[in-house]
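With the UniProt record's numbering, letter number 61 in the sequence shown gets 61, and the count goes up by one each step, no holes. Glycine included, C-beta positions come from ideal geometry on N, C-alpha and C.
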Amino acid sequence: MGSGWSVGAGDHGSSLLDNPYIPYQCMDSYCTEYCETDTFSLATRVLSVATLWRGKKFEYVVDDGPGSLRAGCRIKEPLWIVFEVSGTIELSSYLNVSSYKTIDGRGQRIKLTGKGLRLKECEHVIICNLEFEGGRGHDVDGIQIKPNSKHIWIDRCSLKDYDDGLIDITRQSTNITISRCHFSNHDKTMLIGADASHHGDRCMCITIHHCFFDGTRQRHPRVRYAKVHLYNNYTRNWGIYAVCASVESQIFSQCNIYEAGQKKVAFKYLTEKAPDKEEASTGCIISQGDLFMSGTQPGLLEPASTGGLFHPSQHYQTWTVLPATKELKNLLQRYTGWQDVPRPPGP
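Written out as structure tokens, the structure is:
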């Protein structure tokens with residue numbers, strides 16, 4: 001796993017939650033402990049997405065062509081991509097993001113609809129302050145990360161109403177952080193690990209922190225094989241379960257808030273068989289400092305063995321965790337997802 005998990009993992013969550021202005025190209029002090037490459041100092045070129053046409057009721061940023069987001073994401077060099085206009089980008093197909101890209105929606109209001117972003121065999125990508133809504137079609141996710149992608153940071157995005165997942169991370173994609181995102185109006189929210197037959201996903205390490213799962217039905221996340229650190233998230237009013245551990249997964253749930261609606265049990269375990277094992281197995285969930293509100297029942301199962309269970313400190317040196325309190329709940333309701341914050345000056 002190297003020296004750590006992800007761009008942004010262990011990134012002093014409370015200070016980042018309170019500071020929307022910090023430039024992503026200046027995040028080296030947070031990220032170099034966890035990344036093998038100093039990505040952001042390479043992104044000295046800024047590309048501005050400025051192509052817009054005006055319909056009768058809405059403004060649309062065009063899907064392709066000069067000045068479009070799709071064209072910028074094709075370029076094979078480090079780029080900090082920003083937006084000069086607000087609007088909706090109606091994607092006709094998945095938008096493939098190449099390596100060493102920062103897609104920064106601060107300073108404007110950009111919504112992606114129709115399809116989503118695909119991060120395929122890429123590394124060192126930041127996606128910040130965008131909205132995703134209304135993705136349609138088979139296997140259409142808001143953000144699809146597969147295969148073999150690494151060092152990805154998804155920060156302060158609002159995601160809802162896609163036909164498949166909002167964020168899916170599968171097929172040996174690792175060193176990924178999801179932070180300060182707002183998930184709503186959806187069923188299968190976040191999948192980590194492709195399926196039971198794909199045991200190559202044992203390499204995956206994911207961090208999810210300061211996110212708000214707002215009445216979404218299930219998968220906050222659902223995990224196969226991967227090691228996942230959840231901290232300072234707020235999950236409420238799920239329809240089936242909050243968090244699901246399946247075959248060989250290890251989930252460290254730290255100082256999260258779980259507030260049930262009609263379905264009271266937060267944690268679910270599913271048994272599946274790895275192709276190289278004789279017996280089926282479930283995953284493991286460790287809960288530390290979590291707050292269970294409104295009659296929530298944890299539903300925790302004791303691990304068969306504590307030997308070999310991971311702890312986040314094995315993978316990054318420091319991270320700041322706030323106590324799971326009503327104050328944290330109020331903070332996450334207000335400051336997750338897309339925010340009307342300015343873009344800082346360029347490099």
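Top-ranked residue by Cα proximity to Ile-178, from Asn-232, Thr-88, Asn-96: Stepping through the sequence shown from its first residue, residue 178 is reached at position 178. Looking at the Cα atoms, Asn-232 is the closest of the given residues.
Where Ala-71 falls: helix, strand or coil (DSSP): Translated into the one-based positions of the sequence shown, residue 71 becomes position 71. Correct three-state label for Ala-71: helix.
Presumed contact (8 Å Cβ cut-off) between Gly-142 and Leu-159, rounded CB distance: As a position in the sequence shown, residue 142 is number 142, starting the count at 1. As a position in the sequence shown, residue 159 is number 159, starting the count at 1. Confirmed, about 5 Å.
Three-state secondary structure (DSSP) of His-199: As a working mapping, residue 199 is identified with position 199 in the sequence shown. For His-199, the three-state secondary structure derived from DSSP is helix.
Contacts around Ile-285, its chain only, beta-carbon distance under 7 Å, and the 5 residues preceding and following it disregarded: Position 285 of the sequence shown, counted from the first residue, corresponds to residue 285. So the qualifying residues of the chain are Val-243, Ala-245, Ile-251, Ser-253, Phe-267, Leu-300.
Contact under 8 Å by Cβ, Gly-215 with Arg-236: If you number the sequence shown from 1, residue 215 lands on position 215. If you number the sequence shown from 1, residue 236 lands on position 236. Their beta carbons are under 8 Å apart, which means Gly-215 touches Arg-236 by this criterion.
Leu-230 vs Ile-208 beta-carbon contact at 8 Å: Locating residue 230 in the sequence shown gives position 230, where the first residue counts as 1. Locating residue 208 in the sequence shown gives position 208, where the first residue counts as 1. Closer than 8 Å, so yes.
His-220 and Thr-189 closer than 8 Å at C-beta: Taking the sequence shown and counting its residues from 1, one reaches residue 220 at position 220. Taking the sequence shown and counting its residues from 1, one reaches residue 189 at position 189. Cβ atoms of His-220 and Thr-189: closer than 8 Å.
Limits of the alpha helix (DSSP H) - the one that Arg-334 falls within: Walking along the sequence shown from the start, residue 334 turns up at place 334. First-last of the alpha helix (DSSP H) with Arg-334: 326–335.
Rounded C-alpha distance that separates His-186 from Tyr-162: The residue labelled residue 186 in the question sits at position 186 within the sequence shown. The residue labelled residue 162 in the question sits at position 162 within the sequence shown. Whole-angstrom Cα-Cα distance: 7 Å.
Which of helix, strand or coil DSSP assigns to Pro-345: What you label residue 345 is simply residue 345 of the sequence shown in a count that begins at 1. Here Pro-345 sits in coil by DSSP.
Same chain only: Cβ atoms within 8 Å of Trp-338, ignoring 5 sequence neighbours per side: Your numbering for residue 338 matches position 338 in the sequence shown. Excluding residues within five positions, the ones whose Cβ falls inside 8 Å are Gly-105, Arg-109, Asn-129, Leu-130, Glu-131, Arg-156, Cys-157, Ser-158, His-182.
CA-to-CA distance, Ala-280 to Ala-196, given in whole angstroms: As a first step, residue 196 is located in the sequence shown; it is residue number 196 there, counting from the start. As a first step, residue 280 is located in the sequence shown; it is residue number 280 there, counting from the start. For Ala-196 and Ala-280, the distance between alpha carbons rounds to 10 Å.
Among Met-293, Gln-144, Glu-84, the one whose alpha carbon lies nearest that of Lys-264: To locate residue 264, count along the sequence shown from 1; it is residue 264. With distances taken between Cα atoms, Lys-264 lies closest to Met-293.
Span separating the alpha-carbon of Leu-95 from that of Leu-117: The residue labelled residue 95 in the question sits at position 95 within the sequence shown. The residue labelled residue 117 in the question sits at position 117 within the sequence shown. Rounded to the nearest angstrom, the two C-alpha atoms are 5 Å apart.
Inter-residue spacing [alpha-carbon to alpha-carbon] between His-199 and Gln-218: Position 199 of the sequence shown, counting from 1, holds the residue named residue 199. Position 218 of the sequence shown, counting from 1, holds the residue named residue 218. Looking at the two C-alpha atoms, the distance is approximately 23 Å.
Buried/exposed call for Gln-314, threshold 16 Cβ in 10 Å: Within the sequence shown, the letter at position 314 stands for residue 314. Burial call: exposed.
Buried or exposed by the 16-neighbour rule on C-beta atoms within 10 Å, applied to Asp-276: As a working note, residue 276 is residue 276 in the sequence shown. The residue in question, Asp-276, is exposed, as its Cβ has fewer than 16 Cβ neighbours within 10 Å.
Reduced DSSP secondary structure (H/G/I, E/B, other) of Gln-250: By 1-based counting over the sequence shown, the position of residue 250 is 250. Under the three-state reduction of DSSP, Gln-250 is assigned to strand.
Per DSSP, the bridge partner or partners of Ser-281: Position 281 of the sequence shown, counting from 1, holds the residue named residue 281. Answer by DSSP bridge pairing, in chain order: Glu-272.
C-alpha gap between Ser-99 and Pro-344, whole angstroms: Locating residue 99 in the sequence shown gives position 99, where the first residue counts as 1. Locating residue 344 in the sequence shown gives position 344, where the first residue counts as 1. Cα to Cα, the separation comes out at about 23 Å.
Beta-carbon proximity of Pro-323 to Cys-255, cut-off 8 Å: The residue you call residue 323 lines up with position 323 of the sequence shown. The residue you call residue 255 lines up with position 255 of the sequence shown. Yes, the Cβ-Cβ distance between Pro-323 and Cys-255 is below 8 Å.
Cβ shell of Asp-63 (< 7 Å), same chain only, five flanking positions each side left out: To locate residue 63, count along the sequence shown from 1; it is residue 63. The residues are Arg-70, Ile-89, Glu-90, Leu-91, Ser-92.
Asp-340 in three-state terms, based on DSSP: Translated into the one-based positions of the sequence shown, residue 340 becomes position 340. Coil at Asp-340, not helix or strand.
Local conformation of Gln-262 per DSSP, three classes: Here the question's residue 262 lines up with position 262 in the sequence shown. Coil.
Limits of the unbroken beta strand (DSSP E) element including Cys-128: Locating residue 128 in the sequence shown gives position 128, where the first residue counts as 1. For Cys-128, the uninterrupted beta strand (DSSP E) run begins and ends at 123–128, by DSSP.
Contacting residues, own chain, Cβ-Cβ under 7 Å from Gly-283 (five flanking each side not counted): Against the sequence shown, residue 283 aligns to sequence position 283. Apart from sequence neighbours up to five positions away, the residues of its chain that approach Gly-283 with a beta-carbon distance below 7 Å are Val-223, Ala-245, Ser-246, Val-247, Glu-248, Ser-249, Gln-250, Ile-251, Tyr-269, ordered along the chain.
Neighbourhood of Leu-328 by C-beta, 6 Å cutoff - its chain only, sequence neighbours within 5 removed: As a first step, residue 328 must be located in the sequence shown, where it is residue number 328. Cβ neighbours of Leu-328 beyond the five flanking positions: Leu-322.
Residue-chain proximity (Met-190, chain B), Cβ-Cβ < 8 Å: Of the protein chains in this structure there is only one, and it is not chain B.
Entirely enclosed beta strand (DSSP E) segments - the region 142–221, minimum 3 residues: The qualifying runs are 143–145, 150–155, 158–162, 167–169, 174–179, 182–184, 190–192, 205–209, 212–214.
Beta-carbon proximity of Glu-84 to Arg-45, cut-off 8 Å: Working through the sequence shown from its first residue, we reach residue 84 at position 84. Working through the sequence shown from its first residue, we reach residue 45 at position 45. The answer is no: Cβ separation not under 8 Å.
Sub-8 Å separation of Val-49 and Gly-67 beta-carbons: Here residue 49 corresponds to residue number 49 of the sequence shown, with the count starting at 1. Here residue 67 corresponds to residue number 67 of the sequence shown, with the count starting at 1. Their beta carbons are under 8 Å apart, which means Val-49 touches Gly-67 by this criterion.
Counted within 10 angstroms of its Cβ, other Cβ atoms place Leu-309 as buried (16 or more) or exposed: The residue given as residue 309 occupies position 309 in the sequence shown. Label assigned to Leu-309: exposed.
Cut-off 8 Å between Cβ atoms - residues of its own chain near Lys-111, not counting five sequence neighbours on either side: If you number the sequence shown from 1, residue 111 lands on position 111. Cβ neighbours of Lys-111 beyond the five flanking positions: Gly-87, Thr-88, Ile-89, Leu-130, Glu-131, Phe-132, Glu-133.
Bridge partners - Lys-101, DSSP secondary structure assignment: Working through the sequence shown from its first residue, we reach residue 101 at position 101. Beta-bridge pairing links Lys-101 to Leu-79, Val-125.
Beta-carbon proximity check, Gly-114 vs Pro-342, cutoff 8 Å: Residue numbering aside, residue 114 sits at position 114 when the sequence shown is read from its first letter. Residue numbering aside, residue 342 sits at position 342 when the sequence shown is read from its first letter. Their beta carbons are not under 8 Å apart, which means Gly-114 does not touch Pro-342 by this criterion.
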